[in-house]
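Novice:
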Amino acid sequence: AQTVTQSQPEMSVQEAETVTLSCTYDTSESDYYLFWYKQPPSRQMILVIRQEAYKQQNATENRFSVNFQKAAKSFSLKISDSQLGDAAMYFCAYTGTYKYIFGTGTRLKVLA
Amino acid sequence: NAGVTQTPKFRVLKTGQSMTLLCAQDMNHEYMYWYRQDPGMGLRLIHYSVGEGTTAKGEVPDGYNVSRLKKQNFLLGLESAAPSQTSVYFCASSYEGFNEQFFGPGTRLTVL
Numbered sequence: 025a026q027t028v029t030q031s032q033p034e035m036s037v038q039e040a041e042t043v044t045l046s047c048t049y050d051t052s053e054s055d056y057y058l059f060w061y062k063q064p065p066s067r068q069m070i071l072v073i074r075q076e077a078y079k080q081q082n083a084t085e086n087r088f089s090v091n092f093q094k095a096a097k098s099f100s101l102k103i104s105d106s107q108l109g110d111a112a113m114y115f116c117a118y119t120g121t122y123k124y125i126f127g128t129g130t131r132l133k134v135l136a
Numbered sequence: 842n843a844g845v846t847q848t849p850k851f852r853v854l855k856t857g858q859s860m861t862l863l864c865a866q867d868m869n870h871e872y873m874y875w876y877r878q879d880p881g882m883g884l885r886l887i888h889y890s891v892g893e894g895t896t897a898k899g900e901v902p903d904g905y906n907v908s909r910l911k912k913q914n915f916l917l918g919l920e921s922a923a924p925s926q927t928s929v930y931f932c933a934s935s936y937e938g939f940n941e942q943f944f945g946p947g948t949r950l951t952v953l
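These protein sequence lines map, in sequence, to chains A and B. 125 is the number that the numbering used here gives to position 101 of the first sequence; each next residue is one higher, with no gaps. 888 is the number that the numbering used here gives to position 47 of the second sequence; each next residue is one higher, with no gaps.
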């Protein structure tokens with residue numbers, strides 16, 4: 025069975041600094057997708073970034089980028105130039121078919 | 842487009858009562874999902890549907906039933922509510938299994 029592990033329950037970052045959130049996963053499937061979702065205090069889940077496993081190039085969306093290490097089954101999220109609006113719960117998610125598996129989340133605090 | 846909507850947003854039930862949560866999407870998505878979110882446990886899949894008239898069990902299906910009579914609607918039913926079902930419930934939909942999931946705003950359910 026596939027699993028997703030986020031080992032950092034909480035992280036803090038100073039405004040304008042860079043922070044990396046960790047995610048590891050376990051799977052025997054060769055074709056899959058990985059995602060990072062953001063959940064601000066409003067509770068609305070928002071897609072941050074998506075990575076296809078067959079692509080070697082790391083995905084990037086503005087200040088958000090991932091470090092995808094397929095052999096190590098690692099998928100970390102880097103947030104550059106952190107802003108107060110980045111404060112939220114961040115969930116790593118995996119899908120190999122049409123069922124998603126979510127990690128337990130990392131709460132990110134941004135300090136002014 | 843309204844995206845994914847959920848009704849109601851909040852509900853308080855007494856043990857043993859029944860209720861139905863309604864999820865509606867206007868994006869013509871084939872796939873729809875129901876999750877529950879509990880503190881420290883991320884999102885867990887309750888039931889899902891890969892098309893109109895189909896449903897399947899997810900990770901935590903006990904105590905819940907679902908129906909998808911119309912493509913745009915996915916109903917989650919609790920026949921006899923228990924305090925263990927106190928949670929925040931999210932509905933999501935996607936065009937295909939590997940695609941981004943779009944989430945509703947959530948329903949906070951309290952069972953006394």
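For every residue, glycine included, the Cβ atom is placed at its ideal position computed from N, Cα and C.
Relative to the C-alpha of LEU132 (chain A), which residue among A:GLN26, A:CYS116, A:ARG67, A:LEU45 is closest?
Specialist: When C-alpha distances from LEU132 (chain A) are compared across A:GLN26, A:CYS116, A:ARG67, A:LEU45, the shortest belongs to A:LEU45.
Novice: Quick one: does GLY109 (chain A) have its CB under 9 angstroms from some CB of chain B?
Specialist: At a cut-off of 9 angstroms between beta-carbon atoms, GLY109 (chain A) makes no contact with chain B.
Novice: Quick one: what's MET113 (chain A) bridged to in DSSP?
Specialist: A:GLN63, A:ARG131
Novice: So the candidates are B:LYS912, B:GLY857, B:GLN878, B:SER908; which of them puts its Cα closest to the Cα of GLU900 (chain B)?
Specialist: B:GLN878
Novice: Less than 8 angstroms between the CB atoms is what I'm expecting for GLU871 (chain B) and VAL891 (chain B), so what's the real figure, rounded?
Specialist: 6 angstroms
Novice: Please determine, among A:PRO33, A:SER104, A:MET113, the residue with the shortest C-alpha to C-alpha distance to TRP60 (chain A).
Specialist: Checking every option, the nearest Cα to that of TRP60 (chain A) belongs to A:MET113.
Novice: Would the beta-carbon of LYS855 (chain B) fall within 9 angstroms of that of THR948 (chain B)?
Specialist: Not in contact: LYS855 (chain B) and THR948 (chain B) (Cβ atoms no closer than 9 angstroms).
Novice: Give the DSSP bridge partners of ALA897 (chain B), in chain order.
Specialist: DSSP, once it has assigned bridges, lists B:TYR889 as partnering ALA897 (chain B).
Novice: Listed from N- to C-terminal order along the chain, which residues in the region 53–69 of chain A have their beta-carbon within a distance smaller than 9 angstroms of any beta-carbon of chain B?
Specialist: ASP55, TYR56, TYR57, PHE59, TYR61, GLN63, SER66, ARG67, GLN68, MET69
Novice: Counting pairs of beta carbons, one from the region 907–914 of chain B and one from the region 27–37 of chain A, are three or more of them closer than 8 angstroms?
Specialist: no
Novice: Kindly list, in the order they appear in chain B, the residues whose Cβ is closer than 8 angstroms to that of THR119 (chain A).
Specialist: GLY938, PHE939
Novice: Within 10 Å of its beta-carbon, does ASP867 (chain B) have 16 or more other beta-carbons around it, so buried, or fewer, so exposed?
Specialist: Label assigned to ASP867 (chain B): exposed.
Novice: Just grab the DSSP bridge partners of PHE99 (chain A) for me.
Specialist: A:PHE92
Novice: Bridge partners for GLU85 (chain A) per DSSP, in chain order?
Specialist: A:PHE88
Novice: Of all the CB atoms in chain A, is at least one closer than 9 angstroms to the CB of PRO946 (chain B)?
Specialist: yes
Novice: How many whole angstroms separate the CB atoms of GLN926 (chain B) and LEU919 (chain B), which I take to be in contact at a CB cut-off of 8 angstroms?
Specialist: 6 angstroms
Novice: Whole-angstrom Cβ separation of TYR57 (chain A) and ARG74 (chain A), contact assumed at under 8 angstroms?
Specialist: 6 angstroms
Novice: Considering only their Cβ atoms, is the gap separating TYR936 (chain B) from LEU950 (chain B) smaller than 9 angstroms?
Specialist: no
Novice: If you compare alpha carbons, which of A:MET69, A:ALA117, A:GLY129 is closest to ASP50 (chain A)?
Specialist: Taking each of A:MET69, A:ALA117, A:GLY129 in turn and checking the Cα distance to ASP50 (chain A), the smallest one comes out for A:ALA117.
Novice: For THR119 (chain A), count neighbouring C-beta atoms within 10 Å of its own C-beta (all shown protein chains included) and say buried if the count is 16 or more, exposed if not.
Specialist: Buried is the call here.
Novice: Go ahead and pull the three-state DSSP assignment for GLN913 (chain B).
Specialist: coil
Novice: Indicate the three-state DSSP secondary structure (helix, strand or coil) for LEU953 (chain B) in the structure shown.
Specialist: coil
Novice: What is the rounded straight-line gap between the Cα of GLN942 (chain B) and the Cα of ALA933 (chain B)?
Specialist: Going by C-alpha positions, GLN942 (chain B) is about 6 angstroms away from ALA933 (chain B).
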